[in-house]
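Report on the following structure.
In this note's numbering, the protein residues as written are 460 to 646.
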């Protein structure tokens, strides 16, 4: 504590600490809106992905995965501070564990199909007519632009998340990352 801090009454010290400029306040509220909209869009995606999985031969594996992700993202959309609750964290870790298990399941299944010569290739997309026809088509210039846009939009949340944990965006005056909890996910 400096001499200047000792001269001020306790109330004024907290007021000085809490005051923010109007630009910083608007940047923080704008960032919160962007993240809420992104979470709402991901909630819709997870709900739709969960509904589509009923056509799969194994919906009992995929519906809980997408359903839990939808529950987690809608809870963050409605109340962003819910991540501090113990129930949310347990649900998150259950979902993460199940997701890693599903990744291992898919990788093992792909290796078994690729290495088993007697396999019917049911997991191989090239055994289906759509897979054969799509793999042999050449993409036009317009389709290339669409493909690049889809890849960029798919990677955008990961890029923004990475920037929030780097010094580039966290020290920026206009920051989308103002409500991130940096201590929780430090590596």
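Yeah, the Cβ is synthetic: ideal placement off N, Cα and C, and Gly gets one too.
Legend entry - Beta-carbon separation (whole angstroms), residue 505 vs residue 528, contact threshold 8 Å: 4 Å
Inset, instruction - Please go through the same chain and pick out, in chain order, the residues whose beta-carbon is closer than 6 Å to the beta-carbon of residue 560, but skip the five residues on each side of it. - result: none
Legend entry - CB contact flag (residue 495, residue 550, <8 Å): No, the pair does not count as a contact, with Cβ atoms beyond the cut-off.
Legend entry - DSSP-derived helix/strand/coil call for residue 575: coil
Inset, instruction - Name the residue from 490, 570, 503 whose alpha carbon lies nearest to the alpha carbon of residue 539. - result: 490
Inset, instruction - Enumerate in chain order the residues of its own chain whose CB-to-CB distance from residue 502 is below 8 Å, with the five nearest sequence positions on each side excluded. - result: Setting aside the 5 residues that flank it on each side, residue 502 is surrounded in the same chain by 529, 532, 533, 536, each with a C-beta closer than 8 Å to its C-beta; the list follows chain order.
Inset, instruction - Could you tell me the distance, in whole angstroms, from the CA atom of residue 524 to the CA atom of residue 620? - result: 22 Å
Inset, instruction - Could you spell out where the alpha helix (DSSP H) holding residue 537 opens and where it closes? - result: 518-537
Legend entry - Straight-line Cα distance separating residue 617 from residue 569: So the two alpha carbons sit approximately 26 Å from each other.
Inset, instruction - Alpha carbon to alpha carbon, how far is residue 498 from residue 541? Give it in angstroms, no decimals. - result: 13 Å
Legend entry - Simplified DSSP state of residue 544, which is helix, strand or coil: coil
Legend entry - Local Cβ density within 10 Å of residue 509, reported as buried at 16 or more and exposed below that: Counting Cβ neighbours within 10 Å, residue 509 comes out buried, since at least 16 surround it.
Legend entry - Nonlocal neighbours in the same chain, by C-beta distance under 6 Å from residue 547, ignoring five residues either side: 541
Legend entry - Distance between residue 610 and residue 603 (C-alpha atoms, nearest Å): 10 Å
Legend entry - Pairwise C-alpha distance: residue 572 and residue 521: Taking the straight line joining both Cα atoms gives about 20 Å.
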